[in-house]
Amino acid sequence: MDKIQDKKLGKIIRRRRTQVEFLCNICRTGYATLKQAQKCAAMPTEPKKFALGDRVTWRELARCSKKKGSFRIEAVVARVLSPNPPDEEYNSKWLGGALNGMHARQYEVHFRCICGGAREMLLYATEMKKL
Ligand SMILES: [Zn+2]
Ligand SMILES: [Zn+2]
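Residue numbers 742 to 872, in the numbering used here, belong to the letters of the sequence shown in order.
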């Protein structure tokens with residue numbers, strides 16, 4: 742894949758044989774048509790709700806593959822990902838469509854599992870709570 746241009750919305754940025762992609766200028770997602778890229782760019786961006794080092798929990802209970810039982814995580818925000826359209830299936834299945842029509846952020850959180858192992862997860866703000 743050659744990068745041809747990577748500047749403005751609507752410019753051809755990647756060409757793979759005959760395939761051309763248009764880029765959203767907010768999330769850099771590639772689309773087949775300019776219209777789709779413009780539609781994506783028109784979506785609002787969710788403000789940052791958590792910062793690096795924030796202590797948080799997840800609204801669901803976590804499970805361990807080695808030890809029985811579920812537990813409430815006590816995690817630390819280790820990375821804030823750049824805004825992107827949410828995963829559609831996850832958004833509708835687990836978040837009740839709360840992130841429809843926006844560029845949402847994911848937060849990488851690190852925590853200790855009940856088995857003692859170090860774990861990490863990607864979470865949306867809507868499923869996190871400050872500790
Ligand atoms: Zn976008
Ligand atoms: Zn574990």
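Note that CB positions come from ideal geometry on N, CA and C, so glycine has one too.
Taking the Cα positions, residue 814 is about 44 Å away from residue 760.
Spanning the alpha carbons of residue 862 and residue 803 requires a straight line of approximately 10 Å.
Remark: C-beta atoms of residue 797 and residue 848 approach each other more closely than 9 Å. With contact defined as three or more Cβ pairs closer than 8 Å, the segment 853 to 872 and the segment 765 to 784 are not in contact. In the three-state DSSP reduction, residue 841 falls in the coil class, being neither helix nor strand. Residue burial annotation: residue 827 is buried, with at least 16 other C-beta atoms found within 10 angstroms of its C-beta. When C-alpha distances from residue 765 are compared across 794, 805, 825 and 806, the shortest belongs to 825. Residue 806 is bridged by DSSP to nothing; it lacks a bridge partner. Here residue 840 is buried, its C-beta having at least 16 other C-beta atoms within 10 Å. Taking C-beta atoms as the reference points, residue 823 and residue 846 count as a pair closer than 9 Å.
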